[in-house]
Amino acid sequence: MKTGVPQTFFLLTVVLFLGPGCSGIGTSRWAMDNKAYSKKYDVPYTGDDVDKVERMVKQSVDARHVDGQSGIYTGFAASDDPFTLGAEVGCFEYLNHSVEGRVGLKGLLGTGDKDYFVGIDAGLRLQSPTRFAPFVGVGTYVGGNGKSEAAEHDHLDNDDDGSIDEFGEEKDVAHLFASIYPEVGAHFWINGETRLTASAQYHLTTAGRDDDFAFFGISVARLIGH
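Residue numbers are given in this note's numbering: position 22 of the sequence shown equals residue 22, and the series is strictly consecutive.
Encoded structure:
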């Protein structure tokens with residue numbers, strides 16, 4: 001694989017995770033905009049200085065408030081071998097504080113089929129319940145498109161006009177594309193409601209092993225209704 005996309009992915013990861021963290025990591029009240037988090041921690045510190053420090057450290061990284069919450073996300077991804085671009089919007093839900101399920105509408109351009117597809121992407125992620133949250137996951141994508149092609153010699157009346165194989169006759173043909181993939185990445189919660197994500201997926205596709213590809217992506221997500 002060429003190195004352009006992986007290098008860009010690395011730089012974006014640095015910007016997303018280290019940049020926001022400089023102004024927020026280590027603060028003790030980072031997620032007070034989330035009701036579940038604020039209910040747990042919006043009480044005065046008690047005890048001695050050691051207890052206070054321990055609580056501040058715990059509070060600064062604790063993201064267990066996501067348990068049972070859901071939200072929406074949007075993201076982009078790319079691969080350079082074979083060239084592929086992707087864009088996705090979808091929703092996610094935390095089944096508990098460490099397991100996330102998601103499903104989205106994704107469009108692909110390129111792939112080994114050198115075509116465009118629109119379809120559904122779904123997956124599960126296992127992650128740490130922390131503000132900076134590495135994860136592993138699995139997912140699948142199923143998409144397709146519809147195009148017209150010449151049908152002047154198939155001995156069928158494709159356009160239902162009473163004539164068979166007339167000049168210029170066409171038929172609609174569906175083209176499907178699917179993949180399954182393992183995934184690794186990390187979330188960084190900017191605050192109690194909004195997170196940034198960088199991920200890497202390896203798609204095993206219906207186009208064949210020579211056209212499998214690594215997909216590097218970034219996304220932004222927000223919890224809703226909480």
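All C-beta atoms, glycine included, are put in the ideal place defined by N, C-alpha and C.
Burial state of residue i, where buried means 16 or more other Cβ atoms lie within 10 Å
{"i": "Ile224", "result": "exposed"}
{"i": "Asn34", "result": "buried"}
{"i": "Leu108", "result": "buried"}
{"i": "Arg222", "result": "exposed"}
{"i": "Lys106", "result": "buried"}
{"i": "Thr74", "result": "exposed"}
{"i": "Leu196", "result": "buried"}
{"i": "Gly144", "result": "exposed"}
Residue i (DSSP reduced to helix, strand or coil)
{"i": "Gly24", "result": "Reliability fails at Gly24, whose pLDDT of 38 lies under 50, so the model's placement of it is uncertain and the value that follows must be treated cautiously. Helix, per DSSP."}
{"i": "Thr3", "result": "Its pLDDT being 48, under 50, Thr3 is placed unreliably in this model, and the value from its coordinates should be taken loosely. Coil at Thr3, not helix or strand."}
{"i": "Ser38", "result": "helix"}
{"i": "Ser212", "result": "Residue identity differs from the one stated: residue 212 is Asp in this sequence, not Ser. Asp212 falls in the coil class under three-state DSSP."}
{"i": "Ser60", "result": "helix"}
{"i": "Val136", "result": "strand"}
{"i": "His65", "result": "helix"}
{"i": "Val184", "result": "strand"}
{"i": "Ile218", "result": "strand"}
{"i": "Lys106", "result": "strand"}
{"i": "Glu88", "result": "strand"}
{"i": "Val53", "result": "helix"}
{"i": "Glu193", "result": "coil"}
{"i": "Ser128", "result": "coil"}
Residue i versus residue j - alpha carbon distance
{"i": "Ser199", "j": "Phe83", "result": "18 Å"}
{"i": "Leu176", "j": "Ile190", "result": "38 Å"}
{"i": "Tyr202", "j": "Val53", "result": "42 Å"}
{"i": "Ala207", "j": "Phe117", "result": "13 Å"}
{"i": "Val184", "j": "Leu124", "result": "11 Å"}
{"i": "Ser179", "j": "Gly110", "result": "14 Å"}
{"i": "Gly217", "j": "Phe76", "result": "6 Å"}
{"i": "Gln59", "j": "Arg29", "result": "7 Å"}
{"i": "Met32", "j": "Gly192", "result": "7 Å"}
{"i": "Arg64", "j": "Leu204", "result": "33 Å"}
{"i": "Phe92", "j": "Ala78", "result": "21 Å"}
{"i": "Ala36", "j": "Tyr181", "result": "33 Å"}
Beta-carbon proximity of residue i to residue j, cut-off 9 Å
{"i": "Pro129", "j": "Val220", "result": "no"}
{"i": "Gln69", "j": "Val99", "result": "no"}
{"i": "Val89", "j": "Gly119", "result": "no"}
{"i": "Gly146", "j": "Ala174", "result": "yes"}
{"i": "Asp210", "j": "Gly112", "result": "yes"}
{"i": "Gly86", "j": "Phe215", "result": "yes"}
{"i": "Ala133", "j": "Phe213", "result": "no"}
{"i": "Val61", "j": "Arg131", "result": "yes"}
Within-9 Å CB hit, residue i to chain C
{"i": "Ile72", "result": "In summary, chain C is missing from the structure at hand, where a single protein chain is found."}
>> Could you check whether the segment 130–149 touches the segment 96–116, counting it as contact only if at least three pairs of C-beta atoms, one from each stretch, sit closer than 8 Å?
In response: Yes, the segment 130–149 touches the segment 96–116.
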